[in-house]
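A.B. asks:
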Amino acid sequence: MNPVRMIIAGAATTALLALIAYGSAAPLPYHTAHDARLRLSWSARPERIEVCRTLSDEELAKLAEHMRQRVACEGVFASYTLRIDVDDQTIDESVIRGAGLRNDRPLYLLRDYPVPPGQHRFRVSLTRREKTDNDAAAFAKAVVPDVDTGLYAGRAQREAIEHSRRAQNAIPPQLMLDTVFSLTAQRVALVTFNAEHRTLELHAESPRR
Amino acid sequence: MQFLKRLFRRLLVVVEAALTRLFGWEWNPIHQAGTVSVLMLVVLLATGLYLVLMYRVGAPAASVARIAADPWLGGWIRTLHRYATDVFVIAAILHAIRIFSQDRSWGPRTIAWISGLFVFGAGMVLAWTGFVMAWDTFGERLAREGGRLLDVLPIFSEPISRIFAGDGAVPNAFFFVNLFIHIALPLGLGVGLWLHVSRVARPALLPPKPLMWGMVGALTIASVVLPAPLGPAANPLHLVTSTPTDVIVAWWLPLSEALSPTMAWGLGILAVVVALFVPRLTRQPRVAGWAPSTVDTRLCTGCNQCPQDCPWEAITMVKRDDDRPTLVAHVDPSLCVSCGICAGSCAPMGVGPPGRSGRDQLSTLRENTFPLLDNAQATPTIAVACAQAPASHLAALRDRGAHVHLVHCVGNLHSSVIELFIRHGAPGVIVFGCPPRDCVGREGPKWLHERLCNAREAELQPRVDKHRVSTGTMAPGDLAGTIRAYEAFRRELDALAPTQREHNIDLDVLCDPVPMEETTA
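Here it is as structure tokens:
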């Protein structure tokens, strides 16, 4: 290879490598400088709406021993109406349900809404669609005589506690977040469900890693 | 499909010619696209070992930032890892396009095509997981898109995208699974690579050493001089205006983001299905130029040369069904790609694709070529070239007085053809092959050289004056090289005494341990 050709080949190699270097970290547009978003993200169990009754001793006796639950419940999992208002304008109103074919899985929510940067009034409400006679009933501790003995002693009480615990962890019939928030450009305002306080909360910062 | 094939062939000729002009055919990287891909996998493995030792699942962004900030090792090793990924993708795509446009993607090569797709797909997934490991804005973007695509599949109990919503730290389990895939997948990739070359004899896995070290050296220097930038650490609640994206690997990302997940899956699956069906869509009828080789068992002496020369391991030696004490060659048609290398390897001319065995070559010469030569005032110098040879080179040779004799591949050429030309009065024969790593028959130029110059079986007979025979390389983009080789050969011939034409030439005299017939089966 003569020197001129070597120089040309060297220059071409350098150009190819520079092209690869550029292509490996090219600035690809993603969001615009004026983008801002409201994001809803949570995972929580929907309420179980049940009709429960206490089985009689005769009914229990007909069941196999390990099937003898004092309280038998039948019901469905609740669905909810999600409504989002920004500055008194409704940007979304939809029905959300628990995941799974029978909607018995937790209710996963992840939605992004573009919102112009600036100060806004955000109203996010989640309202159970199914009506019950007494919402407090689900949280009342069941008082049932503990007739079980032996291996199953105390089971009725445990069932009642578990029933109550599930009800406590479920999304309450009505959730509402009504707040005024100043959303800056290129930021996301995140609304989550705080299972401990059973409220919707708005965050502007996320744990980094 | 035919249109695409022709289009790619034309484009490739232009690119190949340009690269040959720049680097010469010996260093033309496009001829080595497959081996360059493997070389890049080796580089990725070597650099990846270091990176994985320095990586921390508990602090992905911070650990990669620390690696990138290390000026002695981490910085350039990480960049080299990324550049090697880019070159792998480019080389693998070029390799696939070449194979497709050269009609090498069907029949016995189907397994190579399918496994090649698998290796490429696995490489893309590896690249994806690798970028996510860094957990910068680009990694987060890829992860988010991956989550969006996966969430439409009914396979996860909880939508993956929620991991990146920002309502909690991304769990370590996610980075652990990502790292696991990134480390485990190369094992599958190794299996894919083994399958890819399982049907070929003597697979060339790496480029020639000068090119190999040249590429590794150039990429290393580039990694030191042009370190790949690392984006800011991912923050799911921050909407960045752009990400430092590896568009060579993630070229599909803008398209995928613009489509709904269902559409993106649909397009992706369609592309994969079409790619998987390429062997079916490009399949040729196994007749004429694509007919598998056959063996004339009456001529086969059991010398075991054709199985050794076959680049596809399509020939085995089996027991004869007559009383002769030797083995006989057997061609497996399902493995034979009809390259015709065996025709050039068989001294008694008992094997080869129909119409291309040594005997067929001689009879073509006698019936078609010699009458043309006999009409000329003086027998011209013969330039034998491959049928794939560029037309401009052939025209240049004709302009310089050569008679151009085309063969399917120079690896097909039986040395007796050269002998016959010279004994018929040709002053000399120069055989132009394709660049060694650009031969559609894989090993044509290599075996030609061995047969003509190193006495490999079916060798050019000692009675032929070797000064009258030469070999050269005819590479698109190197017309000057072709002309130079031809003219140098002509000058050598001019110094020799004129040849005497022989009559009643009997070439078969050395090949008569078994009764022969003039026709092959």
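The listed protein sequences derive, respectively, from chains B and E.
Take the first sequence: its letters are residues 1 to 209, numbered as in our numbering.
Take the second sequence: its letters are residues 1001 to 1521, numbered as in our numbering.
All C-beta atoms, glycine included, are put in the ideal place defined by N, C-alpha and C.
In its own chain, which residues sit with a C-beta less than 7 angstroms from the C-beta of residue 1490 of chain E, not counting the 5 before and 5 after it?
C.D. replies: As a working mapping, residue 1490 of chain E is identified with position 490 in the second sequence. The residues are 1381.
A.B. asks: Since residue 1020 of chain E contacts residue 1138 of chain E with CB under 8 angstroms, what's their CB separation in whole angstroms?
C.D. replies: In the second sequence, residue 1020 of chain E corresponds to position 20, counting from 1. In the second sequence, residue 1138 of chain E corresponds to position 138, counting from 1. The pair is not a contact, with the Cβ atoms about 36 angstroms apart (cut-off 8 angstroms).
A.B. asks: Should residue 1409 of chain E be labelled buried (16 or more other beta-carbon atoms within 10 Å of its own) or exposed?
C.D. replies: Translated into the one-based positions of the second sequence, residue 1409 of chain E becomes position 409. When all chains shown are included, residue 1409 of chain E counts as buried.
A.B. asks: Under 9 angstroms, Cβ to Cβ, is there at least one residue of chain E near residue 31 of chain B?
C.D. replies: Here residue 31 of chain B corresponds to residue number 31 of the first sequence, with the count starting at 1. With 9 angstroms as the cut-off, residue 31 of chain B counts as an interface residue toward chain E.
A.B. asks: Among all the DSSP beta bridges, which residues are the ones paired with residue 176 of chain B?
C.D. replies: Looking up residue 176 of chain B in the first sequence gives position 176. B:125.
A.B. asks: For the candidate residues E:1455, E:1420, E:1058 and E:1030, whose alpha-carbon lies nearest to that of residue 1502 of chain E?
C.D. replies: Here residue 1502 of chain E corresponds to residue number 502 of the second sequence, with the count starting at 1. Checking every option, the nearest Cα to that of residue 1502 of chain E belongs to E:1420.
A.B. asks: Going by CA-CA distance only, name the one from E:1042, E:1197, E:1132 and E:1306 that's closest to residue 1295 of chain E.
C.D. replies: As a first step, residue 1295 of chain E is located in the second sequence; it is residue number 295 there, counting from the start. For the residues E:1042, E:1197, E:1132 and E:1306, the minimum Cα distance to residue 1295 of chain E belongs to E:1306.
A.B. asks: Roughly how many angstroms separate the alpha carbons of residue 19 of chain B and residue 1357 of chain E, rounded to a whole number?
C.D. replies: As a working note, residue 19 of chain B is residue 19 in the first sequence. As a working note, residue 1357 of chain E is residue 357 in the second sequence. Cα-Cα distance, rounded: 48 angstroms.
A.B. asks: Please decide whether residue 170 of chain B counts as near chain C, where near means a Cβ-Cβ distance under 9 angstroms.
C.D. replies: Looking at the structure shown, chain C is missing, and the protein chains on hand are B and E.
A.B. asks: Should residue 1039 of chain E and residue 1272 of chain E be called a contact, given that it needs their Cβ atoms to be closer than 9 angstroms?
C.D. replies: Counting from one through the second sequence, the residue named residue 1039 of chain E turns up at place 39. Counting from one through the second sequence, the residue named residue 1272 of chain E turns up at place 272. No. Outside cutoff.
A.B. asks: With a threshold of 16 other CB atoms inside 10 Å of the CB of residue 1161 of chain E, please say whether the residue is buried or exposed.
C.D. replies: Along the second sequence, one-based indexing puts residue 1161 of chain E at 161. Answer is buried; the Cβ neighbour count reaches 16.
A.B. asks: Once the 5 residues before and after residue 1335 of chain E are set aside, which same chain residues still bring their CB inside 7 angstroms of it?
C.D. replies: Against the second sequence, residue 1335 of chain E aligns to sequence position 335. So the list reads 1108, 1199, 1312, 1313 and 1314, once near-sequence residues are dropped.
A.B. asks: Below 8 angstroms on the Cβ atoms is my guess for residue 1110 of chain E versus residue 1279 of chain E; work out the distance and round it to an integer in Å.
C.D. replies: For the purposes of this step, residue 1110 of chain E is taken as the residue at position 110 of the second sequence. For the purposes of this step, residue 1279 of chain E is taken as the residue at position 279 of the second sequence. Right, the Cβ-Cβ distance comes to about 4 angstroms (below 8 angstroms), so this counts as a contact.
A.B. asks: In chain E, which residues lie with their C-beta within 7 angstroms of the C-beta of residue 182 of chain B?
C.D. replies: On the first sequence, position 182 is the one that residue 182 of chain B refers to. Ordered by position in chain E, no residue passes the 7 angstroms Cβ test against residue 182 of chain B, which lies about 15 angstroms from the chain.
A.B. asks: Are there 16 or more other CB atoms within 10 angstroms of the CB of residue 1060 of chain E, so buried, or fewer, so exposed?
C.D. replies: Numbered from 1 along the second sequence, position 60 holds the residue referred to as residue 1060 of chain E. Buried, by the Cβ-count rule.
A.B. asks: Verify whether the separation of the beta carbon atoms of residue 38 of chain B and residue 115 of chain B is less than 9 angstroms.
C.D. replies: The residue you call residue 38 of chain B lines up with position 38 of the first sequence. The residue you call residue 115 of chain B lines up with position 115 of the first sequence. Yes.
A.B. asks: Please state whether the Cβ-Cβ distance between residue 88 of chain B and residue 53 of chain B is less than 9 angstroms.
C.D. replies: Your numbering for residue 88 of chain B matches position 88 in the first sequence. Your numbering for residue 53 of chain B matches position 53 in the first sequence. No, Cβ-Cβ distance for residue 88 of chain B and residue 53 of chain B is not below 9 angstroms.
A.B. asks: Just tell me which of E:1214, E:1065, E:1153 and E:1096 has its CA closest to the CA of residue 1027 of chain E.
C.D. replies: Sequence index remark: in the second sequence, residue 1027 of chain E carries index 27 (1-based). Per the Cα distances, E:1214.
A.B. asks: On the premise that residue 1092 of chain E lies in contact with residue 1120 of chain E, defined as a C-beta separation below 8 angstroms, what is that separation, rounded to the nearest angstrom?
C.D. replies: Residue mapping note: residue 1120 of chain E aligns to position 120 of the second sequence, counting from 1. Residue mapping note: residue 1092 of chain E aligns to position 92 of the second sequence, counting from 1. About 5 angstroms; that satisfies the 8 angstroms criterion.
A.B. asks: Which residues, taken in chain order from the region 1166-1183 of chain E, show a beta carbon closer than 8 angstroms to some beta carbon of chain B?
C.D. replies: Listed by position, the residues of the region 1166-1183 of chain E near chain B (Cβ gap below 8 angstroms) are 1166, 1167, 1168, 1169 and 1170.
A.B. asks: Reducing DSSP to helix, strand and coil, say where residue 1170 of chain E ends up.
C.D. replies: Translated into the one-based positions of the second sequence, residue 1170 of chain E becomes position 170. Residue state, collapsed to three classes: coil.
A.B. asks: From the DSSP secondary-structure annotation, give me the bridge partner or partners of residue 1429 of chain E.
C.D. replies: As a position in the second sequence, residue 1429 of chain E is number 429, starting the count at 1. Beta-bridge pairing links residue 1429 of chain E to E:1382 and E:1469.
A.B. asks: Does the beta carbon of residue 8 of chain B sit closer than 9 angstroms to a beta carbon anywhere in chain E?
C.D. replies: For the purposes of this step, residue 8 of chain B is taken as the residue at position 8 of the first sequence. Chain E contact via Cβ: present.
A.B. asks: So, with DSSP's three-state summary, where would you put residue 70 of chain B?
C.D. replies: Position 70 of the first sequence, counted from the start, is the residue given in the question as residue 70 of chain B. The answer is coil: DSSP assigns residue 70 of chain B none of H, G, I, E or B.
A.B. asks: Using 8 angstroms as the threshold, is the region 1374-1389 of chain E in touch with the region 1419-1433 of chain E, meaning 3 or more CB pairs across them?
C.D. replies: The answer is yes - the region 1419-1433 of chain E touches the region 1374-1389 of chain E, with three or more Cβ pairs under 8 angstroms.
A.B. asks: Going by DSSP, name the residue or residues bridged to residue 1352 of chain E.
C.D. replies: Within the second sequence, residue 1352 of chain E is the residue found at index 352, counting from 1. DSSP lists E:1294 as partners of residue 1352 of chain E.
A.B. asks: Along chain E, which residues have their Cβ under 8 angstroms away from the Cβ of residue 210 of chain B?
C.D. replies: Past the boundaries of the shown model lies residue 210 of chain B; chain B is included only from 1 to 209, so the question cannot be answered.
A.B. asks: Do residue 1411 of chain E and residue 1344 of chain E have their C-beta atoms within less than 9 angstroms of each other?
C.D. replies: On the second sequence, position 411 is the one that residue 1411 of chain E refers to. On the second sequence, position 344 is the one that residue 1344 of chain E refers to. Taking 9 angstroms as the Cβ cut-off, residue 1411 of chain E and residue 1344 of chain E qualify as a contacting pair.
A.B. asks: Closest to residue 1475 of chain E by C-alpha separation, out of E:1075, E:1157, E:1005 and E:1386, would be which residue?
C.D. replies: Sequence index remark: in the second sequence, residue 1475 of chain E carries index 475 (1-based). Residue E:1386 is the option with its Cα nearest to residue 1475 of chain E.
A.B. asks: Where do the N-terminal and C-terminal ends of the beta strand (DSSP E) with residue 29 of chain B fall, by residue?
C.D. replies: Within the first sequence, the letter at position 29 stands for residue 29 of chain B. 26-29 is the span of the beta strand (DSSP E), which, as asked, contains residue 29 of chain B.
A.B. asks: With 16 other CB atoms within 10 Å as the buried threshold, where does residue 1393 of chain E fall?
C.D. replies: Taking the second sequence and counting its residues from 1, one reaches residue 1393 of chain E at position 393. That one is buried.
A.B. asks: How about residue 1076 of chain E: is its Cβ closer than 8 angstroms to a heavy atom in the ligand PLP?
C.D. replies: Ligands in the displayed structure: none, and consequently the ligand PLP is not present.
A.B. asks: Quick check: what's the CA-CA separation for residue 127 of chain B versus residue 162 of chain B?
C.D. replies: For the purposes of this step, residue 127 of chain B is taken as residue 127 along the first sequence, with counting starting at 1. For the purposes of this step, residue 162 of chain B is taken as residue 162 along the first sequence, with counting starting at 1. Cα to Cα, the separation comes out at about 24 angstroms.
A.B. asks: With three or more C-beta pairs closer than 8 angstroms as the rule, is the region 1283-1302 of chain E touching the region 1189-1196 of chain E?
C.D. replies: Too few Cβ pairs lie closer than 8 angstroms, so no.
A.B. asks: Quick check on residue 1393 of chain E: does DSSP put it in helix, strand or coil?
C.D. replies: Translated into positions along the second sequence, residue 1393 of chain E becomes position 393. Reduced to three states, the DSSP call for residue 1393 of chain E is helix.
A.B. asks: Comparing alpha-carbon positions, which option in B:17, B:199 and B:189 lies nearest residue 1238 of chain E?
C.D. replies: Position 238 of the second sequence, counted from the start, is the residue given in the question as residue 1238 of chain E. Measuring from the Cα of residue 1238 of chain E, the nearest candidate turns out to be B:189.
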